[in-house]
Every structure is written in C-alpha cells, then in structure tokens.
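**Student:** Sharing a structure below in structure tokens format, with a few things to ask.
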Amino acid sequence: MSLRLVVAPTDTPSDPTHAYSLGLIGLYAHPELIIVGLPAEPAREFIAQACSLISRGRHFADGERATDLFPGAAAILRRVGEQHISEYLPEAITRYGGSDFGALQIVYPDRLGRFPWEPGCDLKLRLIQ
Numbered sequence: 150m151s152l153r154l155v156v157a158p159t160d161t162p163s164d165p166t167h168a169y170s171l172g173l174i175g176l177y178a179h180p181e182l183i184i185v186g187l188p189a190e191p192a193r194e195f196i197a198q199a200c201s202l203i204s205r206g207r208h209f210a211d212g213e214r215a216t217d218l219f220p221g222a223a224a225i226l227r228r229v230g231e232q233h234i235s236e237y238l239p240e241a242i243t244r245y246g247g248s249d250f251g252a253l254q255i256v257y258p259d260r261l262g263r264f265p266w267e268p269g270c271d272l273k274l275r276l277i278q
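What the sequence shown shows, in the working numbering, is residues 150 to 278, in sequence order.
Written as structure tokens, this is what we have:
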C-alpha cells in the first residue's frame, strides 16, 4: 500500500479547497487526515507535513491540540463524522470499500488564535471549516 495526498479540484487556484491523506491506515494504523478551507498548495503542504510526522512515529488523536503542524499556531484534530466522509474523502471510500474508517480533520485557528467553535472566531473561517 502506498501513501498519496489528494487535493480536491477547485475553480481557481486561490479557491478554498480540501486535501487529505490516503494510505495512513494501511501503512501506519493511523486515521486519514483532512484539512479544509485553504488554497490547494498550502493544504497539500500541511497534510504532507503531518504525514511526515506520522511516518516518524507521531500519532494524532481526536481532540488533541497539536503545536507541530503550523508555524506559530496550534491546530486541533477532530474526528470526521461518517456523514461527511462521502463528500470529502471519496477516494478513501473506494480504497477501503466503504466509509467505515477513521479520519481526523486538522482544524486551524483564525488570526487571533480562535477556533471555529469559540466565541468571536472569524465568521468566514467558521463557515469554511
């Protein structure tokens, strides 16, 4: 089994998109990772960084606050609900034969360090993620 990074197509390169890993489960017994709401290249880079950490033994868990994913900011990992898997991870469904697999969303804060569920978080960021 190999590891791939999938970036969802968008209308323009600056459109917010999502990117996800494909193969972490088989290679490292780790949930797949997804990031939503960034332009394609930064989204791909952040997923690649996280996969690199996992390949060196790092394990991310639901609810974890991670300080090693973004320069100067923490991220929080949240379990992706099965209702969102088919929309956001279609190639993973094909690979695993269904939507019964683990996935974690890398959630990043707004410019003031607030996460989408926190009061005062930037509305655009809240809607995108």
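Virtual Cβ for every residue (Gly too), placed ideally from N, Cα, C. These numbers were taken from a predicted model, which means no experiment stands behind them.
1) Please determine, among Arg260, Thr216, Ile234 and Gly186, the residue with the shortest C-alpha to C-alpha distance to Ala199.
2) Quick one: residues in its chain with C-beta nearer than 7 Å to the C-beta of Phe264, no 5 flanking neighbours on either side, listed in chain order?
3) Taking Cβ positions, are Leu154 and Ala168 nearer each other than 8 Å?
4) To the nearest angstrom, how far is it from the Cα of Gly246 to the Cα of Ile277?
5) Would Arg298 be called buried (16 or more neighbouring beta carbons within 10 Å of its own) or exposed?
6) My understanding is that Glu194 touches Ala252, with C-beta atoms under 8 Å, so please give their C-beta distance in whole angstroms.
7) Using a Cβ-Cβ cutoff of less than 6 Å, which residues in the same chain neighbour Tyr177 once the five nearest sequence positions on both sides are dropped?
8) From what residue to what residue does the alpha helix (DSSP H) around Phe264 run?
9) Between Ile242 and Pro220, what straight-line distance do the alpha-carbon atoms span, to the nearest angstrom?
10) Give me the Cβ distance between Gly262 and Ala222, rounded to the nearest whole Å; I'm assuming they're in contact under 8 Å.
11) Among residues of its own chain, excluding the 5 on either side of Glu267, which ones have a beta-carbon nearer than 6 Å to its beta-carbon?
12) Which residues does DSSP list as the beta-bridge partners of Phe195?
**Tutor:** According to the structure data:
1) Translated into positions along the sequence shown, residue 199 becomes position 50. For Ala199, the nearest C-alpha among the options comes from Thr216.
2) The residue labelled residue 264 in the question sits at position 115 within the sequence shown. Excluding positions up to five away in sequence, the list reads Ile225, Val256, Pro258 and Cys270.
3) The residue labelled residue 154 in the question sits at position 5 within the sequence shown. The residue labelled residue 168 in the question sits at position 19 within the sequence shown. Yes, the pair counts as a contact, with Cβ atoms nearer than the cut-off.
4) By one-based count along the sequence shown, residue 246 stands at place 97. By one-based count along the sequence shown, residue 277 stands at place 128. Rounded to the nearest whole angstrom, the CA to CA distance from Gly246 to Ile277 is 28 Å.
5) Shown here, the chain extends from 150 to 278; a query on residue 298 therefore has no answer.
6) Within the sequence shown, numbered from 1, the residue matching residue 194 stands at position 45. Within the sequence shown, numbered from 1, the residue matching residue 252 stands at position 103. Rounded, the Cβ-Cβ distance is 19 Å, inconsistent with contact.
7) On the sequence shown, residue 177 is found 28 positions in, with the first residue counted as 1. Same-chain partners within the cutoff: Ile203.
8) Counting from 1 along the sequence shown, the entry for residue 264 is found at position 115. Note, Phe264: premise wrong, no alpha helix (DSSP H); not H, not E.
9) By one-based count along the sequence shown, residue 242 stands at place 93. By one-based count along the sequence shown, residue 220 stands at place 71. Taking the straight line joining both Cα atoms gives about 31 Å.
10) Position 113 of the sequence shown, counted from the start, is the residue given in the question as residue 262. Position 73 of the sequence shown, counted from the start, is the residue given in the question as residue 222. The Cβ separation is near 7 Å, so the contact holds.
11) Taking the first residue of the sequence shown as 1, we reach residue 267 at position 118. Cβ neighbours of Glu267 beyond the five flanking positions: none.
12) To locate residue 195, count along the sequence shown from 1; it is residue 46. In the DSSP output, where bridge partners are listed per residue, Phe195 has none listed.
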